[in-house]
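In full-length UniProt numbering, the protein residues as written are 1 to 178.
Read the structure below first, then the notes.
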Amino acid sequence: MMKKYLLQGIPDEPFYGPGDNGVGISYFPNFNEEHYLYHFWYGFYVESYYFRFQNMIDSKFHVINCKYDLNIQNGLGFQKNILKSLKEVNPELHYFFNSMWTTNPIYKKATTIRNEITHNFSPNKPSSGLTKHRDNNGKVSLISYGVPDYMPVREIQENIDNTLVLLSEMSIEIQKIL
């Protein structure tokens with residue numbers, strides 16, 4: 001369904017432009033009525049995809065937990081605890097996952113997108129545009145308003161396509177190592 005709405009056309013670049021008569025800002029200046037609908041539903045399925053992507057990664061860790069009888073309890077830090085244990089029971093698999101976490105740009109971007117969806121603004125919707133500026137002590141010294149952050153659907157879809165390839169490659173690598 002996500003791809004269906006993408007293929008309908010979502011002209012979100014540029015995502016802002018001058019407002020009516022050059023006054024203010026207009027978001028999604030190339031949208032007409034149906035584009036808002038396509039954009040909404042595309043975003044809905046994007047959010048679902050990133051949660052499911054993370055669940056697929058979690059599932060791989062659950063399999064590892066069972067295979068090596070690590071008895072690590074599910075909860076906060078589950079993957080990190082699995083990684084710590086893997087270092088001793090299967091260093092090669094530990095290296096594989098650790099390098100994915102720390103150096104793989106596709107995985108890192110997917111994680112960032114999922115975290116933004118969960119804790120902040122969905123990247124496919126303009127953020128508030130507020131920026132907190134902090135002094136040397138970390139105290140907020142100024143809050144400014146500017147152009148919001150926004151990730152175009154083209155960039156999101158590219159990451160989704162890449163994560164699907166990554167999941168396949170992960171499965172192949174894990175199978176080789178195990």
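Positions of the beta carbon are idealized from the N, C-alpha and C atoms, including for glycine.
Please classify residue i: is it buried, with 16 or more other beta-carbons within 10 angstroms of its beta-carbon, or exposed?
i    : result
N74  : exposed
I113 : buried
G19  : exposed
L142 : exposed
D161 : exposed
P126 : buried
G77  : exposed
G138 : exposed
Rounded to whole angstroms, what's the CA-CA distance from residue i to residue j? Just pull it up for me.
i    : j    : result
E34  : G9   : 9 Å
G129 : I172 : 42 Å
M151 : N90  : 38 Å
D12  : S122 : 15 Å
Q175 : N124 : 35 Å
W41  : Y5   : 7 Å
L166 : D69  : 26 Å
What distance in whole Å lies between the Cβ atoms of residue j and residue i, which are believed to be in contact at a cut-off of 8 Å?
i    : j   : result
I106 : E47 : Wrong, their Cβ atoms sit about 18 Å apart, outside the cutoff.
I177 : E88 : Contact doesn't hold; Cβ gap of about 15 Å is too wide.
I82  : F61 : 5 Å
Check whether the Cβ atoms of residue i and residue j lie closer than 9 Å to each other.
i    : j    : result
Q54  : T103 : no
V147 : Y38  : no
I57  : L86  : no
Whole beta strand (DSSP E) elements within the UniProt domain "Cthe-2314-like HEPN" (6-161), 3-residue minimum: 16-18, 25-27, 130-134, 140-145
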